[in-house]
Amino acid sequence: MQNGITFRQYIGESDLNNIIHLIASDLSEPYSIYTYRYFIYNWPKLCLLAVSEDGTCVGTIVCKMEGAIGTVRKGYIAMLAVEENHRRIGIGLSRSILINFYLT
Numbered sequence: 001m002q003n004g005i006t007f008r009q010y011i012g013e014s015d016l017n018n019i020i021h022l023i024a025s026d027l028s029e030p031y032s033i034y035t036y037r038y039f040i041y042n043w044p045k046l047c048l049l050a051v052s053e054d055g056t057c058v059g060t061i062v063c064k065m066e067g068a069i070g071t072v073r074k075g076y077i078a079m080l081a082v083e084e085n086h087r088r089i090g091i092g093l094s095r096s097i098l099i100n101f102y103l104t
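Read in the UniProt record's numbering, the sequence shown has 104 at position 104, and its numbers run on one by one without any break.
Given below as structure tokens:
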């Protein structure tokens, strides 16, 4: 836990609305529901949410893993958003570190 924020993996359809809300309000590129589902349903373990003590989703990161070439796996961060009131406290950095853990 960091600053009252915990990190967890995507657990179901109820999380999808939180992810869409965060990304739609913070990123300039609009995504269709199919884009979200493509990433989340194919790589649910690579979709993390930052949740405040009251249960509010305040950040999300959505990633993709590509096929392995030998022992090297490649992946990338597709979407990353942190609610404006919770920025500058390291949430994005912490999630990036967690994603690095999942990709290695």
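Backbone N, C-alpha and C fix where the C-beta goes; we use that ideal spot for every residue, glycine too.
Q. First and last residue of the beta strand (DSSP E) that includes I77?
A. For I77, the enclosing beta strand (DSSP E) starts and ends at 72-82.
Q: Could you name the residues of the same chain whose beta carbon sits closer than 8 Å to that of L27, not counting the 5 residues immediately before and after it, in chain order?
A: Here the set comprises M79, A81.
Q.
Between the alpha carbons of E13 and S25, how many angstroms are there, rounded?
A. Answer to the nearest angstrom: the Cα atoms are 19 Å apart.
Q) Which residues does DSSP pair with R8 in a beta bridge? A) According to DSSP, which records beta bridges pairwise, R8 is partnered with L49.
**Q.** First through last residue of the alpha helix (DSSP H) which encompasses Y36
**A.** For Y36, the enclosing alpha helix (DSSP H) stretches over residues 33-42.
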